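Visitor: In my numbering, the protein residues as written are 38 to 234. Virtual Cβ for every residue (Gly too), placed ideally from N, Cα, C. Predicted model, so just to flag it, every value in this text is computed and none were measured.
1) What are the start and end residues of the alpha helix (DSSP H) that includes residue 168?
2) Identify, in the order they occur along the chain, each residue of the same chain with its Cβ nearer than 7 Å to the Cβ of residue 184, setting aside the five sequence neighbours on each side.
3) Does the pairing of the segment 192-210 with the segment 89-106 give three or more beta-carbon distances under 8 Å?
4) Answer with buried or exposed for residue 164, where buried requires no fewer than 16 other C-beta atoms within 10 angstroms of its C-beta.
5) Report the CB separation of residue 129 from residue 224 in whole angstroms; it is logged as a contact under 8 Å.
6) Under three-state DSSP, which class holds residue 195?
7) Going straight from the alpha carbon of residue 76 to that of residue 176, what length do you get?
8) Would you mind sorting residue 168 into buried or exposed? The rule is 16 or more other CB atoms within 10 Å of its CB.
9) Going by DSSP in three states, residue 178 sits in which element: helix, strand or coil?
10) Does the Cβ of residue 107 have 16 or more other Cβ atoms within 10 Å, making it buried, or fewer, making it exposed?
11) If I measure Cβ to Cβ from residue 222 and keep anything under 7 Å in the same chain, skipping five residues before and after, which residues do I get?
12) Excluding the five sequence neighbours on either side, which residues of its own chain have a C-beta within less than 8 Å of the C-beta of residue 220, listed in chain order?
13) Compute the Euclidean distance between the alpha carbons of residue 170 and residue 93, then round it to the nearest angstrom.
14) Tell me whether residue 58 sits in a helix, a strand or coil according to DSSP, three-state version.
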């Protein structure tokens, strides 16, 4: 499995490109500014040079505005990277939650005198999984394919929970594996979304 830094390589390349563009713009602005200074110093008293100075000042303004636009794009990319990283982490956590839930179910099955803490933890894990999958389903960055995969996973989760509640542990074990596989597909779809950006 790839790590999140590897997954964001495409976004990182965009970020690096944007930084290089900003650096070039800054160097151009510096050169234009130096030219404007030379013109101003040499010809302070000549009115004909005022026009040239104004033209140079306009160039500086254009370059500055372009740099500011690039900086805003850079900020958007950084926000997008943060958002996608968070989503991938949440989707990945879902896999762990389903495994943890199944482990507790099987442990509780073996322990006939199950204490309230196990019951509470099962309820907490179930609630966290369901809340998180609903958040993922409503994520504005989702493609239709991602949303459909999450809805499919949610359906398998519901079947898994129903099997646990019926105490059909054999079926629940199989369904938990299906939840894990389908959630993994959703994570992979999110990872491919990072590479498309």
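Guide: So, to answer that:
1) 153-174
2) 174
3) no
4) exposed
5) 5 Å
6) In this structure, residue 195 counts as helix in the three-state DSSP scheme.
7) 55 Å
8) Exposed: under 16 other Cβ atoms inside 10 Å.
9) coil
10) Classification for residue 107: buried.
11) 186
12) So the list reads 128, 131, 132, 135 and 190, once near-sequence residues are dropped.
13) 56 Å
14) helix
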